[in-house]
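Every letter in the sequence shown is one number past the one before it in the UniProt record's numbering, and letter 600, counting from 1, is 600.
From the three backbone atoms N, C-alpha and C, an ideal C-beta is built for every residue, glycine too.
The structure appears right after this line, and notes come after that.
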Amino acid sequence: MRVGWMAFALGVVVLQRQAALPGALAWLVVAAALSGCAVLYAWRMRRPRTRAGVVLGWTLCAVAAGVAGFGYAAARAEWRLRDSLPVEWERRDIVVTGVIRGLPVVDASGARLLLAVESNDAGLARFPQLIRLSWRTYDAAASRDAVPELRAAQRWRLVVRLKRPHAEANPGVRDSEAAWLAAGIRAIGYVAAPQRAVLVDARAAGSSASIDRLRDALRARIVDVLGADALHRGIVAALAIGDQSGIGDDDWRVLRNTGTSHLVAISGLHVGLVGAFAAGFASMIWRRLRWRTRAATLAVPAPYAAALAALVAAAGYAALAGFNVPAQRAWWMIAAGGVAYLAGRSVPTSAVLCAALGGVLLADPWAVLSAGFWLSFGAVAVILLSVAGWRAVRDEDDEADGGAVAGRWERLRAWYRRAARRVAEAARVQYAVTIGLAPLTAAWFAQISVSGPLGNAFAIPWVSFVVTPVVLAGLVLPAPLDAHAFRLAHASLEPMMALLGRLADWPPGVMALRMPGWPVLALACAGVVWMLMPRGWPLRWAAPLTWLPLVAPAADAPPVGGFRLTVLDVGQGASVLVETARRTLLFDAGPGAESTHAGQRIVAPSLRARGIRTLDAFVLSHADADHAGGAPAVYASAQVRQLLAGIPRGHRLWRDAQSAGVADRLPCAAGQRWRWDGVDFTVLWPPGGPGAGASNRQSCVLRIDAGGTSALLTGDIDAYAERRLVDTMRDALAAQILVVPHHGSRTSSVEPFLDSVGPRVAVFPVGYRNRFGHPHPSVLARYAARAIPLPRTDRDGAVRFDVAPADRGFAFERYRDAQRRYWMDR
1 MRVGWMAFAL GVVVLQRQAA LPGALAWLVV AAALSGCAVL YAWRMRRPRT RAGVVLGWTL
61 CAVAAGVAGF GYAAARAEWR LRDSLPVEWE RRDIVVTGVI RGLPVVDASG ARLLLAVESN
121 DAGLARFPQL IRLSWRTYDA AASRDAVPEL RAAQRWRLVV RLKRPHAEAN PGVRDSEAAW
181 LAAGIRAIGY VAAPQRAVLV DARAAGSSAS IDRLRDALRA RIVDVLGADA LHRGIVAALA
241 IGDQSGIGDD DWRVLRNTGT SHLVAISGLH VGLVGAFAAG FASMIWRRLR WRTRAATLAV
301 PAPYAAALAA LVAAAGYAAL AGFNVPAQRA WWMIAAGGVA YLAGRSVPTS AVLCAALGGV
361 LLADPWAVLS AGFWLSFGAV AVILLSVAGW RAVRDEDDEA DGGAVAGRWE RLRAWYRRAA
421 RRVAEAARVQ YAVTIGLAPL TAAWFAQISV SGPLGNAFAI PWVSFVVTPV VLAGLVLPAP
481 LDAHAFRLAH ASLEPMMALL GRLADWPPGV MALRMPGWPV LALACAGVVW MLMPRGWPLR
541 WAAPLTWLPL VAPAADAPPV GGFRLTVLDV GQGASVLVET ARRTLLFDAG PGAESTHAGQ
601 RIVAPSLRAR GIRTLDAFVL SHADADHAGG APAVYASAQV RQLLAGIPRG HRLWRDAQSA
661 GVADRLPCAA GQRWRWDGVD FTVLWPPGGP GAGASNRQSC VLRIDAGGTS ALLTGDIDAY
721 AERRLVDTMR DALAAQILVV PHHGSRTSSV EPFLDSVGPR VAVFPVGYRN RFGHPHPSVL
781 ARYAARAIPL PRTDRDGAVR FDVAPADRGF AFERYRDAQR RYWMDR
């Protein structure tokens, strides 16, 4: 069974890395694989049990199970993709009726919600069953009063405007399109006519609606009891109902830097604790229960009743958490273990874990795309591996200590030895989890928490045995007793978060790494298994050497005299990363908190994924929010040595840079130049520095030259600035790579400017179906007439250029082509 489920999981993983689906053939593959499994199993059972026959039989079964996993995941994906919104219905008004699923999030800018669509007026037979909507108020004076009170499980009739689930695509950044596919979200949009919204039913029927209403009521109760001033209110809600939307940015920073983020998710440990409490309570009650003078245990043994109670209680708590992957894993393990116990069979824990693996992937084949899947199953796997070598020794020592002893001091020493072994085993488990999950955290978050073992050593037992039980008491106690429980839970969090905060601020507490590739990750994981082997394993001392490519990766910088230029996909905005052999420059930071949070969601993670913690220069072309809004996120994620900005003196962005500790702050001015690693940088615009004119016209224009290959970064300059550049420095404009001015607006890219630049590739940094209509058709036609490649970030994702030194040309790649996945939209 273990081999079969692991092979099935491998087949699912392989499918999720495909650029295209196999189509209808997937159904035949599933049927053939399942039939093959049955035939091979029967054949293996009938043949003599020779070693070669057993190995061959298991190998064929594993292959069949892997093919079955591949085909099953492909069939599920093909079925889900059928619900995608047709292209012709994008950005058109559609009247839909549906029920709010999950918990709506309301803030000062409006609300975000999931709507399970029941009907639409588009006349489409197949319409997205689940859509994500923003209910925005653009009138700052109206604030959130412009949005009605939205509660879970309400049925609404809304006029919506939708787009296909198209997200930004960048290396090292969370794939939102994959997350939406896993959640079943097949369209993204907003409420187009709020005044026409109709509340059809305040309480929709159904089990899912009932669970959502309960979660919503509990969240409202927690908010009401703790109040707006409670710093860790979001953590209490996360532990109670799995809602992490209320956790503050500072709490997330502390938890992430100390490796304790898993504590605020309703994890497998919490579900297991609920199951254990329910089993113990049910066993105690069942042993005392009688029916017509007959003990209940005579009809159903107490262990059976306890197992059933654990299964039901764990399922209820997991449902309350939204059935995230760790909760699913814990429930499936409890279910598999409970079924084996009721059947009177002794099943190894590793077999239970593999059964849970299969159950999770049968329910959700996209779980392998989430960090929670790998961290949850990885943690349990390394714990099992670490205790395996200790179990026999511990049992022998316990048996020796359990024998007859002569006196009180001997008994005390025996108790002390047993306690010391338990502490040593707990420390070994903590050590195993720390090193076992380090490669995975490096792969998902580009960092390893050095302070994690210390933080987890006191935070795990505190949250598990103090905070979580008190939160659970708050869930089951009636008012007003529940209020005391929630307040006590919050009070118990304060000292823990204070201690974690000190660890988070410890400079060496976080080891920043470059996001590893698959070969490096596989080698590090093999090293983990090697390190956790029992004493006496050959060359175990050499296992840490397998981590060298992870913690000290080989240089990935361009050669001296060349540079790498990456136009990030930040939606409707701009951000360009430039790397030389030893230096790094960031040109613009994308939109900020007032728009799409691209600086925090995309730019900062991109820097972390590249292992960049210091920016030698940070250029803000001008003050518009789609270029400079993400600057605070950049300051928070990297040390900036110098700021160049096409921004007038006195602007708040200068004060932000000073507050972030940027000592060298200069306005952009034509004529500034410097040389890094054989690459020349020259500022061409604005002349004399930024003035008081139009913001776009003051944009900094930067030329980068490596031998015979140049790139031109233009910000949002308009036609006036372009003509002035042509008149004053025509020869300096020639460049093979052009980042198109002002996203392809019709106020830019005049013919004389394009003639002077003469680009061989022109990149359009634009957002998918943006409201400005960029790039304008007339501008696009001008570039198309030159018969050059025209990559666009909305269609191609990030665009990367590798420029070779000594006039050896350049190569470029589109991220959506290089890392194509079947769910990616174009």
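As assigned by DSSP and simplified to three states, the class of residue i
i	result
Met511	strand
Ser659	helix
residue 848	This structure cannot speak to residue 848, because the chain is shown only from 1 to 826.
Gly501	helix
Val393	With a pLDDT of only 49 at Val393, under 50, the local geometry of the prediction cannot be trusted, and the value read off the model is given with reservation. Note: Val393 maps to helix in three-state DSSP.
Ile100	strand
Asp364	coil
Trp676	strand
Ile247	coil
Glu579	strand
Gln600	helix
Arg540	helix
Arg112	strand
Leu607	helix
Reference residue i; option with closest CA among the options
i	options	result
Leu816	Pro171, Val576, Ala64 and Val450	Sequence check: residue 816 is Arg here, not Leu. Minimum Cα distance to Arg816 is reached at Pro171.
Asp175	Pro667, Leu738, Val750 and Trp444	Trp444
Ala240	Arg583, Asp224, Tyr317 and Phe373	Tyr317
Ala818	Met6, Ala19, Val13 and Gly337	Ala19
Leu440	Leu369, Leu133, Ile612 and Trp506	Leu369
Leu713	Ala179, Val739, Leu725 and Ala721	Val739
Ile717	Arg724, Trp89, Ile737 and Pro741	Pro741
Ile704	Arg697, Pro480, Asp664 and Asp802	Asp802
Arg608	Thr434, Ala638, Trp409 and Leu499	Ala638
Pro480	Ala762, Val450 and Arg221	Arg221
Ser756	Glu722, Gly599 and Val274	Glu722
His651	Ala628, Arg641, Ala636 and Ala735	Ala628
Gly452	Ser386, Gln572 and Val254	Val254
Glu168	Asp664, Cys700 and Val567	Val567
residue 829	Pro648, Pro687 and Arg601	Coverage of the chain is limited to positions 1 through 826, which leaves residue 829 absent and any answer about it impossible.
Gly592	Gly571, Thr584, Val576 and Leu586	Gly571
Asp624	Ser283, Gln698 and Asp224	Gln698
Phe587	Val551, Val683 and Gly611	Val683
Buried or exposed (CB count within 10 angstroms, at least 16 for buried), residue i
i	result
Glu396	At Glu396, the pLDDT of 49 sits below 50, so the modelled position is not reliable and the matter cannot be decided from this model.
Met531	buried
Leu85	buried
Phe486	buried
Pro365	buried
residue 833	The requested residue 833 is not part of the displayed model; the chain covers only 1 to 826.
Leu298	exposed
Val87	exposed
Ala404	No answer about Ala404 holds up, because its pLDDT of 47 lies below 50 and its placement is not dependable.
Val393	Annotation note: pLDDT 49 at Val393 (below 50); position unreliable, coordinate value reported separately. Flag for Val393 reads exposed.
Trp332	buried
Pro516	buried
Tyr416	exposed
Leu199	exposed
Val325	buried
Contacts around residue i, its chain only, beta-carbon distance under 8 angstroms, and the 5 residues preceding and following it disregarded
i	result
Gly280	Ala306
Asp807	Gly707, Gly708 and Thr709
Phe810	Thr709, Gln736, Ile737, Phe801, Asp802, Val803 and Ala804
Sequence-distant residues of its chain with Cβ nearer than 7 angstroms to residue i (five each side left out)
i	result
Glu579	Ala557, Pro558, Phe563 and Arg564
Arg136	Ser109, Gly110 and Tyr190
Met496	Ala459 and Trp462
His776	Gly744, Ser745 and Arg746
Asn456	Gly259, Thr260 and Gln430
Arg814	Pro791, Asp796, Gly797 and Val799
Ala719	Thr747, Ser748 and Val750
Cut-off 6 angstroms between Cβ atoms - residues of its own chain near residue i, not counting five sequence neighbours on either side
i	result
Asp825	Arg164 and His166
Whole beta strand (DSSP E) runs in the region 434 to 481 with 3 or more residues, listed along the chain? Counting whole runs of 3 or more residues, the region 434 to 481 contains the beta strand (DSSP E) stretches 447 to 449.
Beta strand (DSSP E) runs contained entirely in the region 150 to 206, provided each spans 3 or more residues: 155 to 163, 187 to 191 and 198 to 201
If you scan the region 751 to 784 from start to end, which runs of the alpha helix (DSSP H) of 4 or more residues do you find wholly inside it? 751 to 757 and 777 to 784
Along the chain, which unbroken stretches of the alpha helix (DSSP H) at least 4 residues long are found entirely within the region 273 to 337? 296 to 299 and 302 to 320
At what residue ranges does the region 674 to 743 contain a whole run of the alpha helix (DSSP H), taking only runs of 4 or more? 719 to 729
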